[in-house]
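Here is the structure we will look at, set down as structure tokens.
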Amino acid sequence: MTLELIPNSDLVFKGPYNVVSVTTLKLLNSGNERLAYKVKTTAPTRYCVKPNSSFLDAHATANIQVMLQPQKSNQPDDRTKHKFMVQWAAVPNNYTVDVDDFWKQDFENLNIQDLKLKCVFVDEQQAATVSNNSYGHRELDARNMPTSITASSLVCPITFQLFHEPVVAEDGYTYEQSAIIEWIQKNHTSPITRQPLSIGTLRPNHTSKILVQEFETKIRSTNYCFKLNSDVKKGRKTLFQSTGKVIFEASWLTKIDGPPIVLSKISGVKAQKEAFFYTELIRHPHILRTYSIIDEISVSPNSIMLVQEYAPEGSLYEVLEDGESLPKESVLGEIFIQVADAMSYLTHNNITHGDLACRNVLVFRFDRSIPQNNLVKLTDFGLDRASSMYLAMPEASSILNVIPVRYAAPEILSYGNSEDSYTEKSDMYSMGVLMWEAYSKGDLPWLNIEKDDEVCRLVIAGKQLERPTSCSVEHWSIISECMPYQPQNRPTFKILKQQLIELQCRKSFEKMAHINLLSQTVKKLSSKIPLMIKTLLRRTDGSLYEGEMVNGNIHGKGILINEDGAHYEGEFKDGEPIRRGIMKDKNGTHFDVEWKDNKIYGRGVLVLPNGARLEIGLSENEPDRQAVLTTLNGMRSEFMYSNGVPTGLFIISTVDGARLEAKIEGNDISECILNFPNGDRYEGQFNKEDFSGLGIFTTCNGDRYEGQFYCSKAHGSGTAVWKNGNKYVGEFSKGKLEGKGIFTFANGDTVEGQFKENTLIGRHLMSRAGCESYEVVATHDALGGYVTFRFPASEPLESLFEFNRYSKEFDCYLS
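Each residue of the sequence shown is one higher than the one before, counting from 1 in the UniProt record's numbering.
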């Protein structure tokens with residue numbers, strides 16, 4: 001049995017130490033037996049270990065968070081003596097007792113192994129030089145991630161790019177700093193575990209940064225040219241094969257620690273550029289990364305082999321074909337934006353693609369419902385006759401001579417694959433076909449036409465693809481503009497990207513507007529119901545009746561049709577509606593109601609053309625009692641009516657878990673309790689669509705603000721308390737510390753004075769914990785931008801006290 005620890009010698013903690021310092025310990029069970037493990041420390045009151053014990057299946061990994069609790073001193077002391085020990089043992093087959101009981105058992109011949117680690121404490125500069133020789137090479141297997149991500153310790157699971165500034169989050173996973181910050185700001189939860197995350201707890205992962213640096217140094221030292229079976233091993237399995245191209249599974253050999261890769265073999269071509277061109281120039285978040293070229297000696301004649309990054313979800317064609325239904329249109333729109341962005345980059349570098357199709361869009365992350373959770377990258381660019389990247393071998397059958405007829409622009413088909421025909425505008429035509437293909441769920445363009453020659457004839461004659469039924473009119477207007485017969489009438493990829501973004505934003509805004517104006521929608525519905533009733537009860541000479549009659553009177557079951565197109569279907573007695581019936585207006589609104597004494601009473605159900613459904617109590621043609629509104633997107637609203645007006649408690653629930661409890665006065669929300677999906681909570685006064693007045697905002701990580709709000713931001717007097725123990729009492733403006741206030745740090749130090757945009761200004765009174773107060777002056781260091789305090793020279797203290805280590809605490813979470 002083998003348990004590998006990453007790291008396996010030192011646990012590195014980075015200051016400052018007056019706040020929580022987090023490091024990560026990774027466990028890898030590389031054996032074939034199930035293991036039980038536990039983590040011990042010589043200072044259990046100083047550290048929090050999560051989890052400190054569990055089981056680990058064969059070939060599985062675990063991520064252990066080790067948190068050093070805040071200390072009064074910001075300097076390492078006896079903690080340099082602290083140590084950790086990881087123990088593990090094989091678990092017998094069919095063992096069902098929990099892990100705590102396992103370690104209490106006294107098994108005969110139980111082979112317990114252990115490994116000790118010591119704690120190392122470094123500052124920002126020292127951390128960058130920590131040795132990494134003992135570190136392993138794999139990040140955790142992110143099995144639970146909805147998007148099926150599995151990344152190495154060198155690749156961010158959000159961007160699928162090599163790390164530049166890796167950081168560790170509270171979920172124990174490593175991310176690119178800018179990517180996880182943007183993710184947290186939008187989603188507030190982990191992209192892998194879905195647990196709440198906060199930006200303030202992110203910690204640099206110097207291990208991963210060093211690994212990336214070593215990898216980049218290695219590939220540069222070989223001049224981006226690797227040897228097969230020396231640096232890279234080609235697997236037996238073929239992942240993809242088409243005319244002139246084969247993709248093999250591949251792996252790094254022991255002396256190179258790199259990200260997941262494949263080998264792409266292209267027949268009939270040779271590299272026309274130096275190797276660094278393919279690896280250094282073509283770096284873009286939506287273009288497949290090429291790490292190196294395989295040395296010519298290792299490859300068969302008349303072909304080239306590239307070492308490229310691995311796409312875990314396969315091609316867009318495979319994703320669409322395998323799916324039970326088409327993704328949301330907003331998801332396709334996001335994918336098109338990413339492809340247009342990649343093509344805009346290639347065009348800027350004078351590279352044409354030549355074969356834009358869904359099969360050449362590789363999927364790294366896929367979510368059929370949420371657009372921002374998708375990531376695609378473009379591949380196989382430059383494989384055309386006009387290529388500046390590859391040279392066709394005259395004695396071989398080359399992929400460069402193959403025309404993708406069903407995706408090609410008319411000018412390419414007309415002029416016999418002329419080099420001059422391959423331009424940005426010919427790629428734009430293929431982009432239009434690609435978008436048609438995606439909306440058609442991967443169908444082959446011109447599927448009903450068997451021969452390519454006939455397709456070629458039709459396209460040259462000006463025939464165009466028709467709009468798929470799943471494609472909206474708005475999107476088709478953009479797609480059809482990509483495929484005019486004349487190249488000059490097609491847009492650039494820069495313009496296409498902007499058009500797609502504007503349409504995506506417009507649709508998102510429409511959805512947001514619908515949600516934000518829900519209370520106004522309810523108000524409109526309440527006024528619409530009596531109007532509908534009066535309209536349907538109107539009987540003029542133009543109204544028609546079809547149904548049962550007695551002695552010339554409407555009596556029995558029938559349908560009453562008004563001249564404006566509205567009609568009522570139900571039961572009548574002496575010309576008046578009785579019992580239950582269904583009213584329908586000309587717009588498609590349905591209203592299932594109950595009648596008493598020629599007036600609507602009881603429970604009614606109103607169904608709108610957009611699918612919204614309102615169940616409501618009625619009395620004498622007016623909404624009364626409780627009402628429940630549900631929409632197609634899963635939103636549910638509960639409220640009360642009195643005399644036709646919403647009143648009392650108003651409750652809204654969304655499909656993602658948000659919940660609003662509000663008090664309604666005069667059709668407006670006055671006070672509310674709002675619980676967000678990520679665990680944040682607001683309780684207080686509300687004005688139209690904003691937090692306004694007195695309120696309390698609590699974040700999912702324990703931060704809290706109590707005070708005045710304006711436009712949903714802290715504004716006026718208030719108190720902010722952070723989970724690390726820091727506290728501010730004073731004035732706020734637009735979510736920032738602004739005006740007079742007192743800031744108290746977790747260690748007891750206080751600063752009292754004037755703040756401006758989260759920054760101290762002018763003279764202040766500072767109190768060190770357990771010491772007397774000193775008057776100081778806050779200034780800005782022109783070089784570093786640090787806030788410093790200059791003490792009077794007469795005081796027996798240091799003349800300059802740097803305060804920059806606290807600067808992050810002034811970033812208010814409400815801003």
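Heads up, the beta-carbon is just placed ideally off N, CA and C, and yes, glycines get one too.
| Query | Result |
| --- | --- |
| Exposure of Ser134, with buried meaning 16 or more beta-carbon neighbours within 10 Å | Any reading at Ser134 needs caution, since the residue's pLDDT is 27, under 50, leaving its predicted position unreliable; the model's value is listed next. Flag for Ser134 reads exposed. |
| contact_flag[the stretch 463–470, the stretch 430–444] where n(CB pairs < 8 Å) is 3 or more | yes |
| Residues near Trp103 in its chain [Cβ-Cβ closer than 8 Å; skip 5 each side] | Ala36, Lys38, Ser53 |
| Residues of its chain near Asn205, where Cβ-Cβ distance is below 7 Å and the 5 sequence neighbours each way are ignored | Pro166, Val167, Val168, Thr174 |
| Buried or exposed by the 16-neighbour rule on C-beta atoms within 10 Å, applied to Leu447 | exposed |
| Cβ-Cβ distance between Leu115 and Leu5 below 9 Å | yes |
| Contact check, Thr423 vs Phe381, beta carbons under 9 Å | no |
| Straight-line gap, Ile158 to Asp257 (C-alpha atoms, nearest Å) | 20 Å |
| Buried versus exposed call for Asn18 [16 or more other C-beta atoms within 10 Å across all chains shown] | buried |
| Rounded C-alpha distance that separates Phe709 from Phe160 | 40 Å |
| C-alpha distance - Val339 paired with Glu419, whole-angstrom precision | 23 Å |
| Distance, Asn94 Cα to Ala513 Cα | Residue confidence for Ala513 is low, a pLDDT of 39 falling below 50, so the modelled location carries little weight; the figure read from the coordinates is stated next. Taking the straight line from one Cα to the other gives about 56 Å. |
| Buried or exposed by the 16-neighbour rule on C-beta atoms within 10 Å, applied to Ser477 | exposed |
| Secondary structure, beta strand (DSSP E): runs of 3+ residues fully inside the stretch 697–739 | 704–710, 713–721, 727–733 |
| Whole alpha helix (DSSP H) elements within the stretch 401–452, 4-residue minimum | 410–414, 424–439 |
| Alpha helix (DSSP H) segment containing Asn302, residue limits | Note, Asn302: premise wrong, no alpha helix (DSSP H); not H, not E. |
| Terminal residues of the beta strand (DSSP E) in which Gly556 lies | 553–561 |
| Beta-carbon proximity check, Leu356 vs Lys377, cutoff 9 Å | no |
| Among Gly172, Gln177, Glu170, Asp171, the one whose alpha carbon lies nearest that of Phe163 | Gln177 |
| Proximity of Arg613 and Trp595 at Cβ, strictly below 9 Å | no |
| Proximity below 9 Å, CB of Phe248 to CB of Ser315 | no |
| For Ser472, the nearest candidate out of Cys119, Gly570, Asp585, Gly333 (CA to CA) | Gly333 |
| Reduced DSSP category for Ser807 - H, G, I as helix; E, B as strand; rest coil | Caution applies to Ser807, whose pLDDT of 31 falls short of 50 and renders its modelled position unreliable; the value that the coordinates give is listed next. Reduced to three states, the DSSP call for Ser807 is helix. |
| Extent of the continuous alpha helix (DSSP H) run through Ile335 | 329–348 |
| The stretch 727–741 / the stretch 751–759 touching (three or more Cβ pairs under 8 Å) | yes |
| Pick from Pro487, Lys451, Gln185 that is closest to Gly462, judged by C-alpha positions | Pro487 |
| Terminal residues of the beta strand (DSSP E) in which Asn29 lies | 21–29 |
| According to DSSP, residues forming a beta bridge with His567 | Ile561, Lys584 |
| Residue span of the beta strand (DSSP E) that contains Thr290, given as start and end | 290–294 |
| Burial state of Ser369, where buried means 16 or more other Cβ atoms lie within 10 Å | exposed |
| Contact set for Val607: own chain, Cβ-Cβ below 6 Å, skip 5 residues either direction | His590, Arg613 |
| Contact check, Pro196 vs Glu214, beta carbons under 9 Å | no |
| Alpha helix (DSSP H) runs contained entirely in the stretch 177–251, provided each spans 4 or more residues | 177–187, 206–221 |
| Cβ separation of Met435 and Ile479, assumed to be a contact under 8 Å, to the nearest whole Å | 5 Å |
| Cβ-based burial, Leu413 [other Cβ within 10 Å; buried from 16] | buried |
| CB contact flag (Gln113, Trp88, <9 Å) | yes |
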